[in-house]
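The numbers in the working numbering rise by one with no breaks, and the one at position 307 of the sequence shown is 307.
Just below is one structure, and these are the notes that go with it.
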Amino acid sequence: MEGDFEKYKEEMTDDIATCLDSMGVQPILFVGSGMSQRYFGGPNWDNLLKALAEECPILDKSYAYYKQKNNSLIEVGTEFSEAYREWAWGDGNDQFPKELFTDSQPPDIYFKYKVSEYFEEVIKPDFDQVFAGEFSDEIEALKSVRPHALITTNYDRFFEQVFSDYSSIIGQSILKANYTDVGEILKIHGCSSEPESIVITSSDYEDFKAKKKYLSAKLLTFFAEHPLVFLGYSAEDPNIRSILSDIDEILAPDNDLIPNIYLVEWNKNVASMTSYPREKLITIDHERSVRVKSIVADDFTWVYEAFGSSDAITAINPKILRALLASPDFS
1 MEGDFEKYKE EMTDDIATCL DSMGVQPILF VGSGMSQRYF GGPNWDNLLK
51 ALAEECPILD KSYAYYKQKN NSLIEVGTEF SEAYREWAWG DGNDQFPKEL
101 FTDSQPPDIY FKYKVSEYFE EVIKPDFDQV FAGEFSDEIE ALKSVRPHAL
151 ITTNYDRFFE QVFSDYSSII GQSILKANYT DVGEILKIHG CSSEPESIVI
201 TSSDYEDFKA KKKYLSAKLL TFFAEHPLVF LGYSAEDPNI RSILSDIDEI
251 LAPDNDLIPN IYLVEWNKNV ASMTSYPREK LITIDHERSV RVKSIVADDF
301 TWVYEAFGSS DAITAINPKI LRALLASPDF S
């Protein structure tokens, strides 16, 4: 009911304000592919692989065949990587840059090159049109959040356009980053601007898993000291469960509610719901779960405005603030 939804919005807005005021800092945004789907029709992981299956002639069966054959999308991506390599060194030679055909290049570079090309050329949106289109008010409200940092598993560069003053740190460079800096976009699964950085095959994920403990240790300071907002993910998303699995015992030792973590989900029927969730139980594995705060909305404008209402310093250009923090005279 509309009245109940308005009451829910007020309640959650007050909750966000209390969290921001008590912590005195801007939130960290953790962003998934649902955001790219919403704002410019970007693909989720499944749709990305489906599109790339159609481009490589060696993959001559229906996409459903490869999903049925393999146990996970990671395994599908691994098989596709091998097929793209065979294609590149055969009839598809002219579809790839000449500099990729040396023995120093990794065998998965051809698939990653096409993943990058898909985002950089095939579906790259006109950002001026996106920002002036259906979601213009929502995107302006998102800009007003001025997050301390944004962490994403997305390959595309949409958020570099939204937060144009922020600097991007890609892939393994994140492990060397200074986590006192403000205004950074941490692309933990790589970026379409650097094909070799993309995490998409089994070996990529094994390498990422081996380094994830170090990444989680660095991010723990973020999660303990800032509100954390998950956007564009479902509660079942393995990326959420993977990150929370390394930090839940510290942030919620007794399976208590983690009061500064919010999961924001889209629901087109939210105004007609008879009850609204305030918490969400996220299953980490068969033995562990964590409780976080839950927000549902059919329009995220009010959610972004709530997270952008903090009195924490937000007006300073992040580029200037990073320079100040890096200065030897700053204390």
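Heads up, the beta-carbon is just placed ideally off N, CA and C, and yes, glycines get one too.
All values derive from a computational prediction rather than experimental measurement.
So is Asp237 buried or exposed if we call it buried at 16+ other beta carbons inside 10 Å? Label assigned to Asp237: buried.
Cβ distance (whole Å) where Phe158 is taken to contact Phe40 below 8 angstroms: Distance from Phe158 to Phe40 at the Cβ level is roughly 6 angstroms; contact confirmed, criterion being Cβ atoms closer than 8 angstroms.
Checking the sheet assignment: what are the DSSP bridge partners for Ala297? The secondary-structure analysis by DSSP pairs Ala297 across a beta bridge with Trp266.
Count the other CB atoms within 10 Å of the CB of Glu184; is the residue buried (16 or more) or exposed (fewer)? By the 10 Å Cβ count, Glu184 comes out buried.
Take Thr13 and list the residues in its own chain whose beta-carbon comes closer than 6 angstroms to its own, dropping the five residues that flank it on each side. Contacts found: Ala306.
Beta-bridge partners of Lys212, as assigned by DSSP: Answer is none; Lys212 lacks a bridge partner.
Who are the near neighbours of Phe135 in its chain, counting only those whose CB is closer than 8 angstroms to its CB and skipping five residues on each side? Excluding the 5 residues flanking it on each side, Phe135 has same chain C-beta neighbours closer than 8 angstroms at Arg38 and Tyr39, in chain order.
Hey, out of Asp204, Ser202 and Leu244, whose CA is closest to Ala217's CA? Looking at the Cα atoms, Leu244 is the closest of the given residues.
Taking Lys280 and Ala235 to be in contact with their CB atoms under 8 angstroms, please state how far apart those CB atoms are, rounded to whole angstroms. Lys280 to Ala235, Cβ: 5 angstroms. Contact.
Would you be able to state if there are at least three C-beta pairs under 8 angstroms between the segment 112–120 and the segment 138–145? Fewer than three pairs of CB atoms, one per stretch, sit closer than 8 angstroms, so the segment 138–145 makes no contact with the segment 112–120.
Run of the alpha helix (DSSP H) containing Leu49, from where it starts to where it stops: Run containing Leu49: Trp45 to Ala53, per the alpha helix (DSSP H) assignment.
Compare the beta carbon distance of Ile28 and Leu215 with 7 angstroms and say whether it is the shorter of the two. Not a contact, by the Cβ cut-off of 7 angstroms.
Contact check, Ala271 vs Phe5, beta carbons under 7 angstroms: Yes. Within cutoff.
Arg146 burial status per 10 Å Cβ neighbour count (16 or more: buried): Here Arg146 is buried, its C-beta having at least 16 other C-beta atoms within 10 Å.
Using three-state DSSP, classify Ile344 as helix, strand or coil. A query on residue 344 cannot be resolved here, the shown segment of the chain reaching from 1 to 331 and no further.
Under three-state DSSP, which class holds Glu194? Here Glu194 sits in strand by DSSP.
The alpha helix (DSSP H) with Ser81 in it runs from where to where? In the DSSP annotation of this structure, the continuous segment of the alpha helix (DSSP H) that includes Ser81 starts and ends at Leu73 to Ala88.
Please find out if some non-hydrogen atom of the ligand GTP comes closer than 6 angstroms to the beta-carbon of Glu75. No copy of the ligand GTP appears in this structure; indeed no ligand is present at all.
Ser242, DSSP secondary structure in three states: Looking at Ser242 - three-state DSSP - the assignment turns out to be helix.
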